[in-house]
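Add 1325 to the 1-based position in the sequence shown for the numbering used here, that's all there is to it. Glycine residues also receive a C-beta, built at the ideal position from the N, C-alpha and C atoms. Working notes for the structure below.
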Amino acid sequence: MALIIEKDEGLVSRLRVALLDWYDRHRRDLPWRRGARDPYRVWLSEIMLQQTTTAHAAPYYSRFLELWPTVGDLAAAPEEQIMAEWAGLGYYSRARNLIKCARAVVADHGGRFPDSEEGLLGLPGLGAYTAAAVAAIAFDKPANVIDGNIERVMARLYAIETPLPDAKPLIRRVAAQWVSADRAGDWPQALMDLSAAVCRPKAPQCLLCPLREGCRGFSSGKPEKYPVKAAKTAKPRRYGIAFLIVGDGAFIAERRADKGLLGGMLGVPHTPWRDTPWTAAEADQPLPGFRPAGTYEHVFTHFALEQAVWKREATAAEIADLLRRHNDWQLVPFAEQKALPTVFRKALKFV
Ligand code: SF4
1326 MALIIEKDEG LVSRLRVALL DWYDRHRRDL PWRRGARDPY RVWLSEIMLQ QTTTAHAAPY
1386 YSRFLELWPT VGDLAAAPEE QIMAEWAGLG YYSRARNLIK CARAVVADHG GRFPDSEEGL
1446 LGLPGLGAYT AAAVAAIAFD KPANVIDGNI ERVMARLYAI ETPLPDAKPL IRRVAAQWVS
1506 ADRAGDWPQA LMDLSAAVCR PKAPQCLLCP LREGCRGFSS GKPEKYPVKA AKTAKPRRYG
1566 IAFLIVGDGA FIAERRADKG LLGGMLGVPH TPWRDTPWTA AEADQPLPGF RPAGTYEHVF
1626 THFALEQAVW KREATAAEIA DLLRRHNDWQ LVPFAEQKAL PTVFRKALKF V
């Protein structure tokens, strides 16, 4: 059944005031909230906070500001130095976009961040969320800021039964009803603080919540049920045989093709991974005389692999012959197996 959510102007404006009052009393003291609102600082904190916690990002934020107090300073800094200071925050493509963005602000906007959501969206590395957050927090512009935490609060407020991610457009629509020019920059921050302290993923503290009066999730008695998540579908299963060729404290590994899964990494030679199990007659064995040693499972993002391990001790002459015939094969001492990804290290346990 389609969910129709009507806007109740009176209730929304009353609860909006209640949440902003709560925010005035309980707002978190975060480094990027101290001092005057500076678009550079807001932007820097928002980029750092993607995929990490406030506690983890805070020292990086302070260090960046110490080294590069303005966007111009950051734009002029050597890329290697910025990357080195970013190390530990992960997701290095964000750091590269950070540099590109700082340079674009200097080169194309005279060192000043655009003050509209549309203008901000044109900068490298700024998606819908970051552009809306910077427009609201730095420039006090009404913007519909939605991250996973605000999504949770909205899904609970309206008891949205549609599972994520299908519910996203509806969540965006209901969240827009709360956006207003009045304290436009405080509004998303108030929602963020509420989601961190009160409307937490587990055990929401509804009795402390200023939105409780209008919250359908609370009235349902099961607020933590929202947002509803789509049932996980079973991953497809694939099958392979790994050929473990060992001799003299070492095993044969192959350098995988650059493109494709685990591209360019070392692996144990194996049959193609396919939808049906292999029979001994089908598998193209590098040498005669392999013996089954066991089977293991490894789960990738898109499929689960069931891999049999066939093992064979090989003489020095056999190994030399194999290496001559396969340019991308090499002998790797067991002590160096850390160079292999987990899916292949699992095969080595059968030695
Ligand atoms: S009443 Fe409970 S579920 Fe509703 S917004 Fe507040 S904390 Fe979240």
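Exercise. Which word fits H1627, buried or exposed, when buried means at least 16 other C-beta atoms lie within 10 angstroms of its C-beta?
Worked result: Mapped onto the sequence shown, residue 1627 falls at position 302. H1627 is exposed by the Cβ-count criterion.
For this session: Could you pull the start and end residues of the alpha helix (DSSP H) that P1384 belongs to?
Result: What you label residue 1384 is simply residue 59 of the sequence shown in a count that begins at 1. Taken as a continuous stretch (DSSP letters only), the alpha helix (DSSP H) holding P1384 covers T1379 to L1392.
Exercise. Around the C-beta of L1656, are 16 or more other C-beta atoms found within 10 angstroms, so that it is buried, or is it exposed?
Worked result: The residue you call residue 1656 lines up with position 331 of the sequence shown. Classification of L1656: buried, given that the 10 Å Cβ count is 16 or more.
Exercise. Helix, strand or coil: how does DSSP classify Q1376 here?
Worked result: Counted from its first residue, the sequence shown places residue 1376 at position 51. Q1376 falls in the coil class under three-state DSSP.
Exercise. In whole angstroms, what is the alpha-carbon distance linking A1361 and T1395?
Worked result: Indexing the sequence shown from 1 puts residue 1361 at position 36. Indexing the sequence shown from 1 puts residue 1395 at position 70. C-alpha separation (whole angstroms): 14 Å.
Exercise. Within 10 angstroms of its Cβ, does S1441 collect 16 or more other Cβ (buried), or is it exposed?
Worked result: Numbered from its first residue, the sequence shown carries residue 1441 at position 116. By the neighbour-count rule (16 or more Cβ atoms within 10 Å), S1441 is not buried but exposed.
For this session: Using three-state DSSP, classify Q1655 as helix, strand or coil.
Result: Counted from its first residue, the sequence shown places residue 1655 at position 330. Q1655: strand per DSSP, three-state reduction.
Exercise. My guess is that R1563 and R1508 are in contact by the Cβ rule of under 8 Å, so how many angstroms apart are they, rounded?
Worked result: As a first step, residue 1563 must be located in the sequence shown, where it is residue number 238. As a first step, residue 1508 must be located in the sequence shown, where it is residue number 183. That belief does not hold up - the Cβ atoms of R1563 and R1508 are roughly 54 Å apart, past 8 Å.
For this session: Decide if L1374 is buried, meaning its Cβ has at least 16 other Cβ atoms within 10 Å, or exposed.
Result: Working through the sequence shown from its first residue, we reach residue 1374 at position 49. Its Cβ being crowded by 16 or more others within 10 Å, L1374 is buried.
Exercise. Run through DSSP, which three-state label would L1591 get?
Worked result: The count along the sequence shown starts at 1 and reaches residue 1591 at position 266. The answer is strand: DSSP assigns L1591 an E or B state.
Exercise. How close, in whole Å, do the beta carbons of W1603 and A1618 come, if the pair is a contact with beta carbons under 8 Å?
Worked result: As a first step, residue 1603 is located in the sequence shown; it is residue number 278 there, counting from the start. As a first step, residue 1618 is located in the sequence shown; it is residue number 293 there, counting from the start. Contact doesn't hold; Cβ gap of about 15 Å is too wide.
Problem set entry | According to DSSP, residues forming a beta bridge with H1623 | Along the sequence shown, read from residue 1 onward, the residue named residue 1623 stands at position 298. Paired residue(s): L1630.
Exercise. On the premise that I1570 lies in contact with A1608, defined as a C-beta separation below 8 Å, what is that separation, rounded to the nearest angstrom?
Worked result: In the sequence shown, the residue the question calls residue 1608 occupies position 283. In the sequence shown, the residue the question calls residue 1570 occupies position 245. Not a contact, Cβ separation roughly 14 Å.
For this session: Take G1585 and list the residues in its own chain whose beta-carbon comes closer than 8 Å to its own, dropping the five residues that flank it on each side.
Result: Looking up residue 1585 in the sequence shown gives position 260. Around G1585: no qualifying Cβ.
Exercise. With respect to 7 Å, is the separation between the Cβ of V1478 and the closest non-hydrogen atom of ligand 1 below this value?
Worked result: Indexing the sequence shown from 1 puts residue 1478 at position 153. Within the cutoff, so yes.
For this session: Keeping to the same chain, check which residues put their C-beta closer than 8 Å to that of M1517; ignore five residues upstream and five downstream.
Result: As a position in the sequence shown, residue 1517 is number 192, starting the count at 1. Same-chain partners within the cutoff: D1472, N1474 and I1475.
Exercise. Going straight from the alpha carbon of A1327 to that of L1336, what length do you get?
Worked result: The count along the sequence shown starts at 1 and reaches residue 1327 at position 2. The count along the sequence shown starts at 1 and reaches residue 1336 at position 11. Caution is warranted here: a pLDDT of 32 is assigned to A1327, below 50, making its placement in the model unreliable, and no coordinate value can be reported.
Problem set entry | Close beta carbons around A1383, own chain, < 7 Å, minus the five adjacent residues each side | Taking the sequence shown and counting its residues from 1, the one referred to as residue 1383 is at position 58. Once the five neighbours on either side are set aside, the close Cβ partners of A1383 are P1356.
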